[in-house]
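One structure below.
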Amino acid sequence: MDEEEKMKKARVQLLLDNPFFGYLGSYLELERDDSLDAPVATDHEKLYFGPDAVDELPESEVKASIAHGILHTALGHQWRRGGRSEEAWNPATDEAVNWVLKESGFNLPPSSEPSQKFKDESAEEIYSELEEETKEKGRRGTDDEPQGSGGKPAHGKQEGPTGGGERGKGPLDDHGAWCEAEEGDFEKGEISEEWKRRSAESSAFARGEGRMPKALERIVEEILEPGVDWRRVLRRYILRHAREDYDWMKPDRRLLQHGIYYPSPRSERLDLAIAVDTSGSIGRTVLKEFL
Numbered sequence: 001m002d003e004e005e006k007m008k009k010a011r012v013q014l015l016l017d018n019p020f021f022g023y024l025g026s027y028l029e030l031e032r033d034d035s036l037d038a039p040v041a042t043d044h045e046k047l048y049f050g051p052d053a054v055d056e057l058p059e060s061e062v063k064a065s066i067a068h069g070i071l072h073t074a075l076g077h078q079w080r081r082g083g084r085s086e087e088a089w090n091p092a093t094d095e096a097v098n099w100v101l102k103e104s105g106f107n108l109p110p111s112s113e114p115s116q117k118f119k120d121e122s123a124e125e126i127y128s129e130l131e132e133e134t135k136e137k138g139r140r141g142t143d144d145e146p147q148g149s150g151g152k153p154a155h156g157k158q159e160g161p162t163g164g165g166e167r168g169k170g171p172l173d174d175h176g177a178w179c180e181a182e183e184g185d186f187e188k189g190e191i192s193e194e195w196k197r198r199s200a201e202s203s204a205f206a207r208g209e210g211r212m213p214k215a216l217e218r219i220v221e222e223i224l225e226p227g228v229d230w231r232r233v234l235r236r237y238i239l240r241h242a243r244e245d246y247d248w249m250k251p252d253r254r255l256l257q258h259g260i261y262y263p264s265p266r267s268e269r270l271d272l273a274i275a276v277d278t279s280g281s282i283g284r285t286v287l288k289e290f291l
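Take a look at the structure:
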């Protein structure tokens, strides 16, 4: 079986086993790209495949790669980046997608196993954490980079911590086509709305087949009504800046008089001002959450 037949077979299997992904995938035209090192790459119109990478993957992982690329497009990761750093946005989106695939029963290679700390988080939330980790490493004087699919805007030549190496050991997809799509002459708003409509149709199709995993129910809500949980972001911000530590330069005076040299506790606190928005745009349910 050649690589194109392998891809076509995997797409048919997706439609049978995972109708949400199979239905969505029917909107993407399959195209071979010999320059592609990763199994697949997607923009909003085509599903590219790298024949060498596809050849070395088992069929179950080819199917996971296709679903991975499809979900990137359904979630609008290509056009949701905005002014965010590509080096952190790429791995953030991969983590978010791979968690959905794992919870939906896909067979992921070890290199694409998602981190437990990012479970149930959106790409934006993961991005914020990766950016903070990078800043923290910078403060400590290290040169470490965030893990995941890095990328340069060259379709088929993605670079980054997991972008190269032995075939089949890298990321499930290449994000180079995203940059090419961003540079194209199209209205991102129209494309976003079109993919929302397609996702709603695919969700209805999968429910009709009785095979809509709970993980996908949650992700469809994110597609149709994207947003970040402000409570989780606020909690993470406060915990990050409210630190408990010890100071050896200032010993604990209560113990020092007994001849015990012990560090004194040091706390960093935030001064908070609380304001409740009661304007007309705030509904009763949201107001209750505030209070």
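The sequence shown lines up with residues 1 to 291 when you count with full-length UniProt numbering.
We put the CB at the ideal spot given by N, CA and C, even for glycine.
These numbers were taken from a predicted model, which means no experiment stands behind them.
- Each residue's CA atom was taken as its position, placing I66 and E87 some 22 Å apart.
- A check of alpha carbon separations from K214 across S192, L101 and H258 identifies L101 as the nearest.
- Within a 10 Å sphere around the beta-carbon of D17 sit fewer than 16 other beta-carbons, which makes this residue exposed.
- Three or more Cβ pairs drawn from the stretch 57-77 and the stretch 107-121 lie within less than 8 Å of each other, which places the two stretches in contact.
- Taking 9 Å as the cut-off, the beta carbon of H72 is found no closer than this to the beta carbon of W89.
- Contact annotation: L24 and F49 have beta-carbon atoms that are not nearer than 9 Å.
- The closest CA to that of E4, considering only S104, W79 and P39, is found on P39.
- The beta carbon of N98 lies closer than 8 Å to those of H68, L108, S112, E113, P114 and L172 in the same chain, with the five residues before and after it left out.
- One thing to note: F21 has its Cβ no nearer than 9 Å to the Cβ of M212.
- L30 sits in a strand when the DSSP states are folded into three classes.
- Take Y27, set aside five residues on each side of it, and the residues of its chain with a beta-carbon closer than 7 Å to its own are R198, in chain order.
- Only buried fits E95, as 16 or more other CB atoms lie within 10 angstroms of its CB.
- Residue burial annotation: H258 is exposed, with fewer than 16 other C-beta atoms found within 10 angstroms of its C-beta.
- Beta-carbon to beta-carbon, M1 and V62 are separated by about 11 Å, too far to satisfy the 8 Å threshold.
- With contacts defined by Cβ atoms closer than 9 Å, A123 and R80 form a contacting pair.
- L36 is not a Cβ neighbour of A10, given a cutoff of 9 Å.
- Annotation: T278 is outside any beta strand (DSSP E) and is labelled neither H nor E by DSSP.
- If you draw a straight line from the Cα of R32 to the Cα of D174, it is about 14 Å long.
- Ranking R84, S104, G83 and P91 by CA distance to the CA of L14 puts S104 first.
- Here the alpha carbon of I223 sits roughly 59 Å from the alpha carbon of I260.
- One alpha carbon belongs to A206, the other to V12, and they sit about 15 Å apart.
- About 14 Å separates the beta carbon of A74 from that of W178, a gap too long to meet the 8 Å contact definition.
- One Cα belongs to D271, the other to I238, and the distance between them is close to 10 Å.
- F106 sits in coil when the DSSP states are folded into three classes, being neither helix nor strand.
- Remark: C-beta atoms of S85 and E131 approach each other more closely than 9 Å.
- As for any beta strand (DSSP E) of minimum length 3 sitting wholly inside the UniProt region "Disordered" (189-209), there is none.
- Residue burial annotation: E221 is exposed, with fewer than 16 other C-beta atoms found within 10 angstroms of its C-beta.
- Approximately 5 Å separates the beta-carbon atoms of H44 and I191; this is inside 8 Å, confirming the contact.
- Judged by beta-carbon spacing, E121 lies within the 9 Å limit of E129, meaning their Cβ atoms are closer than that value.
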